[in-house]
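Going letter by letter, the sequence shown gives residues 1 to 123 in the UniProt record's numbering.
All C-beta atoms in this analysis are idealised placements derived from N, C-alpha and C, irrespective of residue type, glycine included.
Here the structure comes first, spelled out in structure tokens, and everything after it is commentary.
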Amino acid sequence: MAHPFCHMELGSTDVAKSKTFYTTMFGWNIRDMDMGGGMTYSMFKPEGEGPGGGMMKHPVPGAPSSWLPYVLVDDIHAATKQATSLGAKVMKDVQEVPHTGWFSIILDPTGAALGLWQEANKA
Numbered sequence: 001m002a003h004p005f006c007h008m009e010l011g012s013t014d015v016a017k018s019k020t021f022y023t024t025m026f027g028w029n030i031r032d033m034d035m036g037g038g039m040t041y042s043m044f045k046p047e048g049e050g051p052g053g054g055m056m057k058h059p060v061p062g063a064p065s066s067w068l069p070y071v072l073v074d075d076i077h078a079a080t081k082q083a084t085s086l087g088a089k090v091m092k093d094v095q096e097v098p099h100t101g102w103f104s105i106i107l108d109p110t111g112a113a114l115g116l117w118q119e120a121n122k123a
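This is the structure:
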């Protein structure tokens, strides 16, 4: 597949409860990363195949916990622009994750949320 799913992200209303559930259910090894400004991002990566991901306190107050898949793209700016030309709405414009890559978040024409991701080594 030319543009595979590459990361899964959980915006959780209760990160501690989510960590307990996923470590017990699937044996995930979760590693906390201090992102600054009081934000912690908890990363996980499977031992075998498949994308890893992360979890954090849901960034939208009052929103329910939800998963957001990310698709790997070669050029984050071009992909975000193309998505809008095809009827998507940009929810979070291109933002850098220092030393890691860039992401944007869109709603497809049907309202489904999707993240786009470009790795730093692809810049």
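Can you give me the C-alpha to C-alpha distance between residue i and residue j, rounded to a whole angstrom?
| i | j | result |
| --- | --- | --- |
| Val94 | Ala78 | 10 Å |
| Phe44 | Met55 | 8 Å |
| Ser42 | Ser18 | 10 Å |
| Lys57 | Gln118 | 23 Å |
| Ala123 | Ser104 | Low per-residue confidence applies at Ala123: pLDDT is 47, beneath 50, and the placement is therefore not dependable enough to give any value. |
| Gly11 | Leu86 | 26 Å |
| residue 127 | Ser65 | A query on residue 127 cannot be resolved here, the shown segment of the chain reaching from 1 to 123 and no further. |
Spatial neighbours of residue i within its chain, please: C-beta separation below 7 Å, excluding the five flanking residues on both sides.
| i | result |
| --- | --- |
| Pro46 | Gly52 |
| Asp108 | Ala88 and Leu114 |
| His3 | Val71, Leu72 and Val73 |
With residue i as the anchor, note down where its beta strand (DSSP E) starts and where it stops.
| i | result |
| --- | --- |
| His99 | Neither: His99 is in no beta strand (DSSP E) and is coded neither H nor E. |
| Thr40 | Met39 to Phe44 |
| Val71 | Ser66 to Leu72 |
| Glu9 | Phe5 to Ser12 |
Considering only C-alpha positions, which residue in the set the options is nearest to residue i?
| i | options | result |
| --- | --- | --- |
| Asp34 | Ala120, Pro98 and Ala112 | Pro98 |
| Glu121 | Val73, Ile106 and Leu86 | Position check: residue 121 holds Asn in this sequence, whereas Glu was assumed. When only C-alpha atoms are compared, the closest one is Val73. |
| Leu114 | Thr100, Lys89 and Gly101 | Lys89 |
| Glu49 | Phe5, Ser104, Pro109 and Val60 | Phe5 |
| Trp102 | Met39, Leu10 and Lys92 | Lys92 |
| Gly62 | Leu116, Thr13, Ala2 and His3 | Thr13 |
What span of residues does the alpha helix (DSSP H) with residue i cover, start to end?
| i | result |
| --- | --- |
| Ala78 | Ile76 to Ser85 |
| Ser18 | Val15 to Phe26 |
Report all residues from its chain with a CB closer than 8 Å to the CB of residue i; omit the five preceding and five following residues, and keep chain order.
| i | result |
| --- | --- |
| Ile30 | Lys19, Tyr22, Thr23, Ser42, Met43, Phe44 and Met55 |
| Thr80 | Val90, Asp93, Val94, Ser104, Ile106 and Leu116 |
Using a Cβ-Cβ cut-off of 6 Å (strictly less than) and excluding sequence neighbours within five positions of residue i, which residues of its own chain qualify?
| i | result |
| --- | --- |
| Met83 | Contrary to the premise, residue 83 reads as Ala rather than Met in this sequence. Same-chain partners within the cutoff: Ile106. |
| Glu9 | Gly53, Gly54 and Leu68 |
How about residue i: is its C-beta nearer than 7 Å to some C-beta of chain C?
| i | result |
| --- | --- |
| Gly111 | Of the protein chains in this structure there is only one, and it is not chain C. |
_Does the contact criterion of 3 or more C-beta pairs under 8 Å hold for the stretch 68-83 versus the stretch 20-31?_
no
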